[in-house]
Amino acid sequence: MDYLTLLSFGATGWGDEIAHGVLFTVSLGVCTLPVGLFMGFFLALGINSREPSIQRAAKLFTIIFRGLPELLTLFIVYYGGQILLNLLFQKVLGTSIEVNSFIAGMIALAFVFSSYASEVFLSAFKGIPQGQYEGAFALGLPWFKNMRLVIVPQLIKLALPGLSNLWLILLKDTSLVSVIGLTDTMHATGLAARNTKEAFFFFALACIIYLVLTFISSMALEAIEKRGRRGELN
7 MDYLTLLSFG
17 ATGWGDEIAH
27 GVLFTVSLGV
37 CTLPVGLFMG
47 FFLALGINSR
57 EPSIQRAAKL
67 FTIIFRGLPE
77 LLTLFIVYYG
87 GQILLNLLFQ
97 KVLGTSIEVN
107 SFIAGMIALA
117 FVFSSYASEV
127 FLSAFKGIPQ
137 GQYEGAFALG
147 LPWFKNMRLV
157 IVPQLIKLAL
167 PGLSNLWLIL
177 LKDTSLVSVI
187 GLTDTMHATG
197 LAARNTKEAF
207 FFFALACIIY
217 LVLTFISSMA
227 LEAIEKRGRR
237 GELN
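Numbering (my numbering), first residue to last: 7 to 240.
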């Protein structure tokens with residue numbers, strides 16, 4: 007069987023399975039990104055908080071999920087979450103529940119992403135002049151409006167390079183979800199490799215797919231960064 011036949015769609019090839027895996031990889035990354043950004047932002051606010059208990063909790067969260075391997079985090083969320091939810095549902099409703107693998111993968115990756123994103127946001131917060139906060143306070147802006155109109159636009163601009171790198175790492179980390187049975191790119195190409203005995207071809211194809219996704223992401227992020235720098239003085 008030639009390589010074009012192996013990549014064909016339908017019963018004779020693996021093109022449809024691999025295309026579905028690529029779509030799943032991108033979907034998981036895109037769904038995880040806003041959750042991770044949201045968590046990372048509030049973790050950074052927590053670390054900057056004047057309340058010691060909130061500050062300690064935020065720091066502990068980042069220490070744990072920056073210290074654990076991503077694969078171990080995935081196992082803890084998937085299997086541990088399933089155990090905890092089943093105990094809860096058994097006590098309250100007298101029934102069991104099965105954790106959705108996609109949701110578990112998204113949560114695990116979001117935990118890791120947010121832990122690193124919080125450090126990026128912390129550095130960005132430090133790059134905003136104190137006068138910006140004082141000026142907003144002098145104008146009588148409430149905290150939420152100050153954040154939305156004054157701080158967050160500058161914060162995103164400063165944090166974008168670091169967050170861009172984290173997105174590329176997240177995109178590659180999605181390959182880990184294949185170990186809990188999700189049909190991502192790695193799972194699809196691995197399945198094809200085992201069934202056709204063409205391991206080198208399909209894993210080389212997986213390399214090309216991830217490189218293409220990374221290249222497209224890099225181009226898009228570069229365009230966003232250039233747009234964000236418009237109006238800056240040279």
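Built from N, CA and C at the ideal position, the CB exists for glycine as well.
Bear in mind the structure is a predicted one, so any value in this text is a computation, not a measurement.
Quick one, are the C-beta atoms of residue i and residue j less than 9 Å apart?
i, j, result
"residue 132", "residue 234", "no"
"residue 14", "residue 68", "no"
"residue 72", "residue 129", "no"
"residue 64", "residue 50", "yes"
"residue 35", "residue 180", "yes"
"residue 176", "residue 42", "yes"
"residue 38", "residue 119", "yes"
"residue 231", "residue 170", "yes"
Is DSSP giving residue i helix, strand or coil here?
i, result
"residue 239", "In this predicted model, residue 239 has a pLDDT of only 46, less than 50, meaning its place in the structure is not dependable enough to derive any value."
"residue 231", "helix"
"residue 173", "helix"
"residue 17", "coil"
"residue 189", "coil"
"residue 179", "helix"
"residue 151", "helix"
"residue 23", "helix"
"residue 203", "coil"
"residue 12", "helix"
State buried or exposed for residue i, treating a residue as buried only when at least 16 other CB atoms are found within 10 Å of its CB.
i, result
"residue 239", "A caution first: residue 239 carries a pLDDT of 46, below 50, which makes its placement in the model too unreliable to give a value."
"residue 221", "exposed"
"residue 127", "buried"
"residue 102", "exposed"
"residue 206", "exposed"
"residue 242", "In the structure displayed, the chain extends from 7 to 240; residue 242 sits before or after that span and is not available."
"residue 9", "exposed"
"residue 151", "exposed"
"residue 5", "Past the boundaries of the shown model lies residue 5; the chain is included only from 7 to 240, so the question cannot be answered."
"residue 226", "exposed"
"residue 44", "exposed"
"residue 105", "buried"
"residue 215", "buried"
"residue 145", "exposed"
"residue 143", "exposed"
Every unbroken alpha helix (DSSP H) within the segment 54–98, with a cutoff of 4 residues, ordered by chain: 58–73, 76–81 and 87–98
Sequence ranges, alpha helix (DSSP H) only - wholly within the segment 93–148, length at least 4: 107–133 and 136–144
Contact the segment 76–88 vs the segment 100–115: 3+ CB pairs below 8 Å: yes
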